[in-house]
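Chains A and B, in that order, give the protein sequences. So for the first sequence, the numbering used here puts the first residue at 2; every next one is plus one. So for the second sequence, the numbering used here puts the first residue at 2; every next one is plus one. Note that CB positions come from ideal geometry on N, CA and C, so glycine has one too. Working notes, beginning with the structure itself.
Number of protein chains: 2
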Amino acid sequence: MYMKQSFLFTKTIKEIPKDETSYNAQTLMRAGFVDKVGAGIYTFLPLGLRVLNKINNIIREEINAVGGQEVLMPALTPKEVWQTTDRWENFDALFKLAGSDDKEYAMGATHEEIVTPLAQKFTLSYRDLPFAIYQIQTKFRNEKRAKAGLLRGREFSMKDLYSFHVSQEDLDIYYKKVKQAYFNIYKRLGLGEITYLTYSSGGAFSKYSHEFQTICPAGEDLIYVCQKCHSAINKEIIEEQKDCPECGGHDFKEEKAIEVGNIFKLGTKFSKPFGFQYKDQLGEVGDIIMGCYGMGPSRILGTIVEVYHDERGIVWPENIAPFSVHLISLKQNEEAEKIYQNLISSGFEVLYDDRDEISAGEKFADADLIGCPVRLVLSPKTLSENKIEIKLRKKDEIEIVGIGDLLTHLKNKL
Amino acid sequence: MYMKQSFLFTKTIKEIPKDETSYNAQTLMRAGFVDKVGAGIYTFLPLGLRVLNKINNIIREEINAVGGQEVLMPALTPKEVWQTTDRWENFDALFKLAGSDDKEYAMGATHEEIVTPLAQKFTLSYRDLPFAIYQIQTKFRNEKRAKAGLLRGREFSMKDLYSFHVSQEDLDIYYKKVKQAYFNIYKRLGLGEITYLTYSSGGAFSKYSHEFQTICPAGEDLIYVCQKCHSAINKEIIEEQKDCPECGGHDFKEEKAIEVGNIFKLGTKFSKPFGFQYKDQLGEVGDIIMGCYGMGPSRILGTIVEVYHDERGIVWPENIAPFSVHLISLKQNEEAEKIYQNLISSGFEVLYDDRDEISAGEKFADADLIGCPVRLVLSPKTLSENKIEIKLRKKDEIEIVGIGDLLTHLKNKL
Numbered sequence: 002m003y004m005k006q007s008f009l010f011t012k013t014i015k016e017i018p019k020d021e022t023s024y025n026a027q028t029l030m031r032a033g034f035v036d037k038v039g040a041g042i043y044t045f046l047p048l049g050l051r052v053l054n055k056i057n058n059i060i061r062e063e064i065n066a067v068g069g070q071e072v073l074m075p076a077l078t079p080k081e082v083w084q085t086t087d088r089w090e091n092f093d094a095l096f097k098l099a100g101s102d103d104k105e106y107a108m109g110a111t112h113e114e115i116v117t118p119l120a121q122k123f124t125l126s127y128r129d130l131p132f133a134i135y136q137i138q139t140k141f142r143n144e145k146r147a148k149a150g151l152l153r154g155r156e157f158s159m160k161d162l163y164s165f166h167v168s169q170e171d172l173d174i175y176y177k178k179v180k181q182a183y184f185n186i187y188k189r190l191g192l193g194e195i196t197y198l199t200y201s202s203g204g205a206f207s208k209y210s211h212e213f214q215t216i217c218p219a220g221e222d223l224i225y226v227c228q229k230c231h232s233a234i235n236k237e238i239i240e241e242q243k244d245c246p247e248c249g250g251h252d253f254k255e256e257k258a259i260e261v262g263n264i265f266k267l268g269t270k271f272s273k274p275f276g277f278q279y280k281d282q283l284g285e286v287g288d289i290i291m292g293c294y295g296m297g298p299s300r301i302l303g304t305i306v307e308v309y310h311d312e313r314g315i316v317w318p319e320n321i322a323p324f325s326v327h328l329i330s331l332k333q334n335e336e337a338e339k340i341y342q343n344l345i346s347s348g349f350e351v352l353y354d355d356r357d358e359i360s361a362g363e364k365f366a367d368a369d370l371i372g373c374p375v376r377l378v379l380s381p382k383t384l385s386e387n388k389i390e391i392k393l394r395k396k397d398e399i400e401i402v403g404i405g406d407l408l409t410h411l412k413n414k415l
Numbered sequence: 002m003y004m005k006q007s008f009l010f011t012k013t014i015k016e017i018p019k020d021e022t023s024y025n026a027q028t029l030m031r032a033g034f035v036d037k038v039g040a041g042i043y044t045f046l047p048l049g050l051r052v053l054n055k056i057n058n059i060i061r062e063e064i065n066a067v068g069g070q071e072v073l074m075p076a077l078t079p080k081e082v083w084q085t086t087d088r089w090e091n092f093d094a095l096f097k098l099a100g101s102d103d104k105e106y107a108m109g110a111t112h113e114e115i116v117t118p119l120a121q122k123f124t125l126s127y128r129d130l131p132f133a134i135y136q137i138q139t140k141f142r143n144e145k146r147a148k149a150g151l152l153r154g155r156e157f158s159m160k161d162l163y164s165f166h167v168s169q170e171d172l173d174i175y176y177k178k179v180k181q182a183y184f185n186i187y188k189r190l191g192l193g194e195i196t197y198l199t200y201s202s203g204g205a206f207s208k209y210s211h212e213f214q215t216i217c218p219a220g221e222d223l224i225y226v227c228q229k230c231h232s233a234i235n236k237e238i239i240e241e242q243k244d245c246p247e248c249g250g251h252d253f254k255e256e257k258a259i260e261v262g263n264i265f266k267l268g269t270k271f272s273k274p275f276g277f278q279y280k281d282q283l284g285e286v287g288d289i290i291m292g293c294y295g296m297g298p299s300r301i302l303g304t305i306v307e308v309y310h311d312e313r314g315i316v317w318p319e320n321i322a323p324f325s326v327h328l329i330s331l332k333q334n335e336e337a338e339k340i341y342q343n344l345i346s347s348g349f350e351v352l353y354d355d356r357d358e359i360s361a362g363e364k365f366a367d368a369d370l371i372g373c374p375v376r377l378v379l380s381p382k383t384l385s386e387n388k389i390e391i392k393l394r395k396k397d398e399i400e401i402v403g404i405g406d407l408l409t410h411l412k413n414k415l
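Structure representation (structure tokens):
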């Protein structure tokens with residue numbers, strides 16, 4: 002994919018948006034990735050949608066790899082299924098609405114109430130199990146305050162995976178696979194090193210559940226990172242838990258963190274109210290054992306901005322940058338166009354700043370704010386020597402290379 | 002993409018669903034493409050989501066080709082913007098809800114109220130115009146009755162494109178381009194021949210707007226097809242309009258049809274209430290002229306099922322079939338697995354029925370119901386001669402071809 006900046010309808014904004022207090026949303030708005038429609042409600046603009054889709058696709062690939070089958074459940078969910086699980090009154094922050102068919106609905110804040118009867122319809126015997134269903138869908142939560150930008154929205158995206166098993170042992174095997182898939186995802190998103198498997202309380206069915214927490218000063222959570230292994234425990238359990246449940250270590254460091262995923266052994270919590278059972282080899286009936294696994298792509302996008310930025314703007318990890326190369330022409334559009342076409346045909350994703358009426362300083366400031374991994378600058382001076390300037394967003398050094406050697410240099414850097 | 006049917010968690014259903022009256026939803030439910038959650042509310046299952054994504058991608062390619070810039074606006078929209086355009090009380094079938102922040106919201110039934118102020122933020126002068134913004138988003142409508150399956154849902158998908166111009170002439174040029182893009186889309190979806198540009202009443206700004214209507218006995222609309230050219234007029238205007246607005250012909254044939262798209266010259270209807278203006282070359286201020294262009298991917302999916310089926314099930318057009326090839330093994334799984342792998346590595350999209358406990362008759366019935374364009378059957382008899390059976394879903398003839406020649410035969414047929 003490629004795009005000329007003169008074509009893009011969005012522009013960067015110099016002023017920090019007044020009605021927004023979070024760094025991630027302020028910066029994403031200034032750089033033209035999102036627009037704010039209301040508190041906790043955003044439009045994804047062309048640059049932001051590109052990043053969101055890249056995050057979604059990485060998640061999709063890794064969840065497909067552990068056998069997740071993608072579906073798309075509705076956002077509009079009937080009252081009855083929430084009553085079945087006793088969550089119509091008890092689920093925090095459900096948006097409720099009345100239909101002109103005299104029925105009541107909730108906007109999906111999570112989808113156990115939809116996926117459980119769905120799985121039930123297609124499960125006739127133990128031979129149909131296990132399987133796992135997921136979606137990447139919009140969720141709605143009626144938050145009183147929504148001040149953390151993309152970290153806590155009233156409307157946000159979620160990958161939610163649900164698995165169905167004949168036994169706890171079978172769930173345990175799958176749970177472990179998904180845990181590994183989550184690590185793979187965070188690694189590919191550039192968050193691997195700073196994201197910790199975090200033990201949290203587990204409910205009736207298992208001693209622990211797990212959160213994935215990314216260390217970040219903007220985080221609303223406190224976690225306690227084991228100094229011996231790459232895991233942590235959350236605030237909820239630090240009081241009763243003196244040892245690391247992963248390795249037995251007992252030296253912890255307190256860190257602020259953002260929850261970027263959670264996985265949970267549900268057991269029979271949802272299968273029981275729906276009467277979701279299976280028949281085993283002997284015709285005996287058993288309750289279905291479930292797991293659920295959440296991860297929020299839009300929250301992850303906000304987290305990455307909180308983690309990867311400097312005073313000039315965003316510094317996108319390569320795998321999810323809106324474009325890998327930002328080509329800037331300083332009034333050398335004829336030659337820059339050739340380079341642009343050459344980069345495109347070599348498979349690079351290029352944003353090309355071909356705008357005439359914008360100064361060099363503004364173009365550089367925009368490139369730093371938008372944060373593509375590589376910046377190329379073609380100026381009268383470099384062109385006179387048949388050269389081009391190349392700079393990584395995350396480094397300060399500038400290199401001047403021959404235009405003929407550009408592709409080789411780029412392939413080494415990306 | 003490829004999939005083994007033993008892996009797929011959905012199954013076909015023999016009985017016609019009792020609580021569903023429309024053919025499209027009954028059949029999509031029986032074949033495992035959608036599941037019904039409530040009246041006019043469906044889950045897209047793995048097969049259905051594949052088709053929906055293919056439709057979305059064809060639309061996306063053609064709208065990108067006419068310069069549409071993709072965004073994703075929220076479904077949750079604040080009351081204030083609907084009050085600005087006087088539609089909070091007047092828009093038919095808005096789902097409304099109350100936030101715990103003491104604000105009221107509508108679930109987006111259309112997005113003029115969101116896109117107009119968005120475009121306004123980034124439009125400083127005539128030099129920024131024209132541009133066009135679109136999304137593929139879920140829409141919500143509080144329908145009293147929802148009986149037409151995917152043709153009229155409470156929750157449904159929509160591609161909505163909006164364009165912004167300095168003048169009526171500039172809008173006219175763009176409107177014509179989008180009209181052509183729509184024809185391209187219907188052609189690629191297999192609906193070209195039976196979809197008519199249909200004149201309808203146009204509001205204050207233009208004499209006509211246009212619907213795209215697909216002829217189909219299940220249609221809720223009546224259109225009058227000009228017998229001289231490939232266009233039609235709708236019921237609304239047949240009484241005052243005696244001649245075809247396209248060619249002047251006056252011989253019409255009444256047909257039932259489904260509206261699969263509409264395009265509309267909005268003029269200043271939305272720019273005026275938002276005070277959305279531009280400055281021209283001389284510094285003079287003018288109102289922005291807008292167009293809007295809708296198309297519903299989930300409704301199109303339902304339409305295709307209404308149009309392309311026989312008594313045994315769906316007959317998908319090739320471009321949007323969930324898989325192009327349905328390979329059936331009749332207890333020849335070892336050899337079938339080789340053919341499956343060979344088809345995959347040759348780039349075919351294959352659904353492979355590797356299920357052991359299912360009879361040949363049931364496998365054939367499933368294949369006909371699911372409706373992939375090509376069916377391959379490997380049986381003991383064909384395998385003994387190193388051959389395989391090949392049949393097109395839309396034809397009755399069966400061919401027996403050498404396994405070594407299979408790829409060549411498939412390439413000729415697909």
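- Residues of chain A whose Cβ lies closer than 7 Å to the Cβ of PRO47 of chain B are, in chain order, GLN70, GLU71 and VAL72.
- A Cβ-Cβ contact shorter than 8 Å links TYR163 of chain B with VAL116 of chain B.
- Residue burial is scored here from C-beta neighbours: LEU95 of chain B has at least 16 other C-beta atoms within 10 angstroms and is therefore classed as buried.
- Within the stretch 31–56 of chain B, ASP36, VAL38, GLY39, ALA40, ILE42, TYR43, THR44, PHE45, LEU46, PRO47 and LEU50 place their CB atoms closer than 7 Å to a CB of chain A, listed in sequence order.
- Under a 10 Å Cβ-count criterion, THR409 of chain A is classified as exposed, with fewer than 16 other Cβ atoms of the shown protein chains found around its own Cβ.
- With contacts defined by Cβ atoms closer than 8 Å, THR199 of chain B and ILE234 of chain B form a contacting pair.
- Under the DSSP assignment, ILE60 of chain A falls in the alpha helix (DSSP H) whose first and last residues are 47–66.
- Two segments are said to touch when three or more pairs of C-beta atoms, one from each, lie closer than 8 Å; by this definition the stretch 65–72 of chain B does not touch the stretch 326–341 of chain B.
- Annotated as proximal: ILE224 of chain A and ALA258 of chain A, with beta-carbon spacing under 8 Å.
- Taking a C-beta cut-off of 9 Å against chain A, the contacting residues of the stretch 96–108 of chain B are PHE96, LYS97, LEU98, ALA99, GLY100, SER101, ASP102, LYS104, TYR106 and MET108, listed in chain order.
- Just so you know, the alpha carbons of PHE184 of chain B and ARG356 of chain B end up roughly 41 Å apart.
- Inclusion of ILE216 of chain B and VAL261 of chain B in the CB contact set at 8 Å is not warranted, their separation being larger than that value.
- ALA133 of chain B is bridged by DSSP to B:GLY69 and B:SER164.
- In the three-state reduction of the DSSP assignment, HIS410 of chain B falls in the helix class, which pools H, G and I.
- ALA32 of chain B places its beta carbon 8 Å or farther from that of ILE399 of chain B.
- Of the candidates A:HIS231, A:LEU9 and A:LYS180, the residue whose Cα lies closest to the Cα of THR124 of chain B is A:LEU9.
- CA-CA distance, PHE165 of chain A to HIS112 of chain A, rounds to 14 Å.
- Between GLY203 of chain A and CYS230 of chain A the beta-carbon gap is near 19 Å, outside 8 Å, which marks them as no contact.
- For ALA99 of chain B, the enclosing beta strand (DSSP E) covers residues 96–99.
- Measuring C-alpha to C-alpha distances from LYS280 of chain B to each of B:SER168, B:HIS211 and B:VAL402 identifies B:SER168 as the nearest.
- With a cutoff of 8 Å on beta-carbon distance, ILE389 of chain B and LEU377 of chain B are scored as near each other.
- Relative to ARG313 of chain A, the option among A:ALA205, A:ASN334, A:LYS395 and A:SER201 whose CA is nearest is A:LYS395.
- Bounds of any alpha helix (DSSP H) do not take in GLU390 of chain B; it lies within the beta strand (DSSP E) bounded by 388–393.
- For ILE59 of chain B against ASN320 of chain B, the beta-carbon gap comes to about 7 Å, under 8 Å, which counts as contact.
- Assignment of LEU377 of chain B by DSSP, reduced to helix, strand and coil, places it in the strand class.
- Residue environment for GLU221 of chain A: exposed (fewer than 16 other C-beta atoms within 10 angstroms of its C-beta).
- For LEU98 of chain A and ALA40 of chain B, the gap between their C-alpha atoms comes out near 15 Å.
- Note that the stretch 75–84 of chain B touches the stretch 34–52 of chain A; at least 3 beta-carbon pairs, one per stretch, sit closer than 8 Å.
- Taking 7 Å as the upper bound on Cβ-Cβ separation, chain B lies near residues ARG155 and GLU156 of the stretch 149–168 of chain A.
- In this structure, SER210 of chain A and ILE264 of chain A form a Cβ contact; the two beta carbons are roughly 7 Å apart against a cut-off of 8 Å.
- Residue-level contact by beta carbon holds for PRO79 of chain B and chain A, with a gap shorter than 8 Å.
- For TYR175 of chain B, DSSP assigns no beta-bridge partner whatsoever.
- With its beta carbon less than 8 Å from one in chain A, ALA76 of chain B belongs to the interface.
- ASN25 of chain B and LYS266 of chain A have their alpha carbons spaced roughly 38 Å apart.
- With fewer than 16 other CB atoms across the displayed protein chains lying within 10 angstroms of its CB, GLY403 of chain A is exposed.
- No Cβ of chain B is located within less than 8 Å of the beta carbon of PHE92 of chain A.
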